[in-house]
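Numbering (the working numbering), first residue to last: 342 to 525.
Backbone N, C-alpha and C fix where the C-beta goes; we use that ideal spot for every residue, glycine too.
What follows is a single structure, written as structure tokens, with notes after it.
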């Protein structure tokens with residue numbers, strides 16, 4: 342399946358340090374590592390199928406070692422990227438959290454993306470969006486505790502990020518994370 346790069350994941354075969362043995366498959370989430378890239382859809386079932394059926398070795402044209410926990414490692418790395426991007430937005434003054442402040446930005450047209458805690462109540466998440474549901478992208482990539490760590494709190498449920506590159510990146514990484522988390 343052909344998709345835009347933003348909806349795919351890149352992997353590279355890293356040769357062993359001593360030059361002997363099989364190369365190791367590593368995710369290249371920023372798409373900056375040297376070498377021939379192996380691009381796969383950001384979907385858990387696709388990655389798991391590629392891992393179990395030897396697709397990485399065929400694509401890399403060499404003997405490779407693939408971690409049996411590759412999907413879980415990807416989930417953790419993508420969640421970390423979402424958190425880091427939210428942290429950048431917070432430090433740049435492009436993100437606010439909390440029901441009241443976030444709702445003000447949402448109503449004032451300052452919302453590029455709404456980030457909500459994945460373990461939050463679906464009814465509360467929907468109530469927060471109100472009439473903006475469907476007009477502004479809303480994602481739920483992290484738990485309330487993970488969002489809290491980004492904002493220096495114990496628990497955060499609602500975050501609004503201003504329109505711009507950081508909001509686009511949060512939405513993009515959240516979409517890739519959701520795809521990897523979806524399992525058959």
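- Cβ contact annotation for residue 342 (same chain, cutoff 7 Å, sequence separation greater than five): 382, in chain order.
- Taken in chain order, the unbroken stretches of beta strand (DSSP E) that lie wholly in the segment 477 to 511 and span 3 residues or more are 499 to 502.
- Between the C-alpha atoms of residue 484 and residue 458 there is a straight-line separation of about 5 Å.
- If you ignore the 5 residues before and after residue 367, its C-beta comes within less than 7 Å of the C-beta of 352, 353 and 355, all in its own chain and listed in chain order.
- In the DSSP assignment, residue 368 falls within the unbroken beta strand (DSSP E) covering 364 to 368.
- Beyond the five residues adjoining it in sequence on each side, residue 377 comes within less than 8 Å, by CB distance, of 353, 354 and 401 in the same chain, given in chain order.
- For residue 437, the enclosing beta strand (DSSP E) begins and ends at 436 to 438.
- Short of 7 Å from the beta carbon of residue 429, and not among the five residues preceding or following it, lie these beta carbons of its own chain, in chain order: 507.
- Cα atoms of residue 431 and residue 389: separation of roughly 34 Å, rounded to the nearest angstrom.
- Closest option to residue 363, judged by alpha-carbon separation, among 475, 408, 450 and 503: 408.
- Below 8 Å, enough C-beta pairs join the segment 490 to 508 and the segment 446 to 462 to call them touching: three or more.
- Under the three-state reduction of DSSP, residue 421 is assigned to helix.
- Excluding its 5 nearest sequence neighbours in each direction, residue 503 has C-beta neighbours in its own chain below 8 Å: 430, 435, 436, 446, 451, 452 and 453, listed in chain order.
- A Cβ-Cβ separation of about 19 Å leaves residue 394 out of contact with residue 520 under the 8 Å criterion.
- Per DSSP, the beta bridge partners of residue 354 are 366.
- For residue 457, the pairing in a beta bridge is given by DSSP as 499.
- Nearest to residue 480 by alpha-carbon distance, out of 438, 513 and 386, is 513.
- Out of 405, 392 and 426, the CA that lies nearest to the CA of residue 413 is found in 392.
- Residue 470 sits in a helix when the DSSP states are folded into three classes.
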